[in-house]
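Shown next, in structure tokens, is the structure this report addresses.
Structure below.
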């Protein structure tokens, strides 16, 4: 498949398939999974990055195991909406990922997702170690939930 607009996903994904959300970091990839009705995002796991090929193999294995029909990848824009080095790195990763999968892929603006999740974990009095363990997959869930909300959750099962 190819890079697509988020709104086009409904037509590209079979009923009963899930969407996987990704938060691409320099050292880890946070993953999250939707339910089959696209109503709620749940943190899945954090993948330690090694190199591109094993990173993609780990992602595709997760996607296959969980019946994923599409990917939503957080695009780390600057607060003013411009794209800096992290966004360029994310776009490069996706550019290399597209030929390796048939899954449709869409970007979702992830400004402040990690900050929001970190604030939530601080309010929950999570230790520094626990925050480090959870933040990436929770950020992926935050990103995916935003995309699901934009897709108009629940409508998928009605098509």
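Residue numbers (our numbering): 17 to 175. Glycine included, C-beta positions come from ideal geometry on N, C-alpha and C. On a predicted model such as this, the values are computed, not experimentally measured, just so you know.
Counting of Cβ neighbours within 10 angstroms places residue 143 among the exposed residues, the total staying below 16. For residue 80, the enclosing alpha helix (DSSP H) has its first and last residue at 68-81. Separation of residue 109 and residue 116 (C-alpha to C-alpha, rounded to the nearest whole angstrom) is 11 angstroms. Only residues of its own chain outside the window of five on either side were considered, and among them 91 and 93 have a CB closer than 7 angstroms to the CB of residue 125, listed in chain order.
In this structure residue 120 is buried. Its beta-carbon is surrounded by 16 or more other beta-carbon atoms within 10 angstroms. Here residue 165 carries a helix assignment [DSSP, helix/strand/coil]. Non-local beta-carbon contacts of residue 18 in its own chain, meaning distances under 8 angstroms to residues more than five positions away in sequence, involve 114, 120 and 121 in chain order. The Cβ atoms of residue 25 and residue 167 lie closer than 8 angstroms to each other.
Annotation: residue 28 to residue 98 spans about 29 angstroms, alpha carbon to alpha carbon. Taking all protein chains in view, the Cβ of residue 123 is crowded by 16 or more other Cβ atoms within 10 Å, so the residue is classified as buried.
Around the Cβ of residue 66, a 10 Å sphere holds fewer than 16 other Cβ atoms; the residue is exposed. DSSP, read as helix, strand or coil, puts residue 125 in strand. In this structure, DSSP gives residue 42 a state outside helix and strand, which the three-state scheme calls coil. Using a Cβ distance threshold of 8 angstroms, residue 42 and residue 64 do not count as a contacting pair. For residue 58 against residue 48, the beta-carbon gap comes to about 6 angstroms, under 8 angstroms, which counts as contact.
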